[in-house]
Amino acid sequence: KPNKEHRLITHGIYNYYRHPSYVGWFWWACGTQILLANPISFLLYLIATWLFFSERIAYEEGTLIRFYGELYRDYQKRVPVGIPFIKGCRSIV
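When we follow the UniProt record's numbering, the leftmost residue of the sequence shown carries the number 1, and every step to the right adds one.
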């Protein structure tokens, strides 16, 4: 359980995306592949990056749900992940 020093940050960029650094990295990675103008490379990179983040976010959100409980669940309902087709973890893992 969180102690009095732990805070769930939900303001600033976290008001728009639950995982802003992952969102930035995902779109940067896809953008660089588009600039290379290689559709096969883009598709493979997109799939690999999406798979990595979908697993990482599910694991991380399971931990956050155990740590913050309903406070994090309410945050999940209000704020999107920011990466297409990744919902995050909806239940305690």
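The beta carbon of each residue, even a glycine, is placed where N, CA and C say it ideally should be.
If you pair each beta-carbon of the region 28–42 with each one of the region 51–62, do three or more pairs fall below 8 Å? no
Going by alpha carbons, who is nearest to residue 76 out of 43, 61 and 50? Within the sequence shown, residue 76 is the residue found at index 76, counting from 1. Checking every option, the nearest Cα to that of residue 76 belongs to 61.
DSSP on residue 10, reduced to helix/strand/coil? On the sequence shown, position 10 is the one that residue 10 refers to. Residue state, collapsed to three classes: coil.
Name the two residues that bound the continuous alpha helix (DSSP H) containing residue 16. What you label residue 16 is simply residue 16 of the sequence shown in a count that begins at 1. Neither: residue 16 is in no alpha helix (DSSP H) and is coded neither H nor E.
Reducing DSSP to helix, strand and coil, say where residue 37 ends up. Residue numbering aside, residue 37 sits at position 37 when the sequence shown is read from its first letter. Residue 37: coil per DSSP, three-state reduction.
Report, in whole angstroms, the separation of the C-beta atoms of residue 83 and residue 22, which I expect to be a contact under 8 Å. Along the sequence shown, one-based indexing puts residue 83 at 83. Along the sequence shown, one-based indexing puts residue 22 at 22. 6 Å between Cβ atoms; contact.
DSSP three-state call for residue 83: helix, strand or coil? Counting from 1 along the sequence shown, the entry for residue 83 is found at position 83. DSSP places residue 83 in coil when its eight states are reduced to three.
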